[in-house]
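Trainee: Residue numbers (my numbering): 956 to 1110. I'd like to ask you about the structure that follows.
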């Protein structure tokens, strides 16, 4: 029986005697994705379909607190699209405008092409698809919050 070092040498010699593997050009494919975690108030809530798939679309208002150095509170608005029956079935009876929710999803761009000019305009949205995202109601809409939200939007 051959010892381990002699066996390794024999295996290396055999590998060198084989014909080389053909070279194949490889192309790397990378998809950039940004995970988003947002907590905010639902301003608008729509139920519908995109290509026969049920969708819940939220317009979420997120307030960024003022920094310790001062400054004003910044408010940002995010479109959130939740795909699948899981969201339409669970959110439809329990969610309404004015509710506070926690959203976990992926930031994507939806391009809209103007027919007249052919220019493409990107519209960002947060895509939520189970099991890679979630929408968790944190607090129901208070009657005073809904009224204040309607007044704020109208003004």
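All residues carry an ideal CB built from backbone N, CA and C; glycine is no exception.
Nearest-angstrom Cα distance between residue 1056 and residue 1015?
Mentor: In the chain shown, the residue the question calls residue 1056 occupies position 101. In the chain shown, the residue the question calls residue 1015 occupies position 60. If you take the alpha carbons of residue 1056 and residue 1015, they lie about 9 Å apart.
Trainee: Just curious, the alpha helix (DSSP H) that residue 1047 is in, first and last residue?
Mentor: Working through the chain shown from its first residue, we reach residue 1047 at position 92. First-last of the alpha helix (DSSP H) with residue 1047: 1040 to 1049.
Trainee: Between the C-alpha atoms of residue 972 and residue 978, what's the straight-line distance to the nearest angstrom?
Mentor: Counted from its first residue, the chain shown places residue 972 at position 17. Counted from its first residue, the chain shown places residue 978 at position 23. The alpha-carbon atoms of residue 972 and residue 978 are separated by roughly 18 Å.
Trainee: Residues in its own chain within less than 6 Å of residue 1091 by CB, not counting five upstream and five downstream?
Mentor: Position 136 of the chain shown, counting from 1, holds the residue named residue 1091. Only 1057 meet the Cβ criterion.
Trainee: Using a 10 Å radius around the Cβ and a threshold of 16 neighbouring Cβ atoms, would you call residue 1038 buried or exposed?
Mentor: As a first step, residue 1038 must be located in the chain shown, where it is residue number 83. Classification for residue 1038: buried.
Trainee: Can you check which of these residues, 1035, 1075, 969 and 1076, is closest to residue 1062 by C-alpha distance?
Mentor: Indexing the chain shown from 1 puts residue 1062 at position 107. The option with the nearest alpha carbon to residue 1062 is 1035.
Trainee: Would you report the Cα separation of residue 1009 and residue 967, rounded to the nearest angstrom?
Mentor: Taking the first residue of the chain shown as 1, we reach residue 1009 at position 54. Taking the first residue of the chain shown as 1, we reach residue 967 at position 12. For residue 1009 and residue 967, the distance between alpha carbons rounds to 58 Å.
Trainee: Residue 1112 bridges to which residues according to DSSP?
Mentor: Residue 1112 lies beyond the range of the chain shown here (956 to 1110); nothing can be said about it.
Trainee: Do residue 1089 and residue 1083 come within 9 Å of each other at the CB atom, strictly closer than that value?
Mentor: The residue given as residue 1083 occupies position 128 in the chain shown. The residue given as residue 1089 occupies position 134 in the chain shown. A contact, by the Cβ cut-off of 9 Å.
Trainee: Put residue 1018 into one of helix, strand or coil per three-state DSSP.
Mentor: Translated into the one-based positions of the chain shown, residue 1018 becomes position 63. The answer is strand: DSSP assigns residue 1018 an E or B state.
Trainee: Hey, how far is the Cα of residue 1093 from the Cα of residue 1018?
Mentor: The residue labelled residue 1093 in the question sits at position 138 within the chain shown. The residue labelled residue 1018 in the question sits at position 63 within the chain shown. One C-alpha to the other measures close to 15 Å.
Trainee: What does DSSP give as the partner residues of residue 1000 in its beta bridges?
Mentor: For the purposes of this step, residue 1000 is identified with residue 45 of the chain shown, where counting begins at 1. BP columns for residue 1000 point to 1013.
Trainee: Out of 1002, 1028 and 1025, state which residue places its alpha-carbon closest to the alpha-carbon of residue 1047.
Mentor: As a working note, residue 1047 is residue 92 in the chain shown. Among 1002, 1028 and 1025, the Cα nearest to that of residue 1047 is on 1002.
Trainee: How big is the Cα-Cα spacing for residue 975 and residue 969?
Mentor: What you label residue 975 is simply residue 20 of the chain shown in a count that begins at 1. What you label residue 969 is simply residue 14 of the chain shown in a count that begins at 1. One C-alpha to the other measures close to 12 Å.
Trainee: Taking Cβ positions, are residue 1012 and residue 999 nearer each other than 9 Å?
Mentor: Locating residue 1012 in the chain shown gives position 57, counting from the first residue. Locating residue 999 in the chain shown gives position 44, counting from the first residue. Going by C-beta atoms, residue 1012 is nearer than 9 Å to residue 999.
Trainee: For residue 969, name the three-state secondary structure that DSSP assigns.
Mentor: Position 14 of the chain shown, counted from the first residue, corresponds to residue 969. The answer is helix: DSSP assigns residue 969 an H, G or I state.
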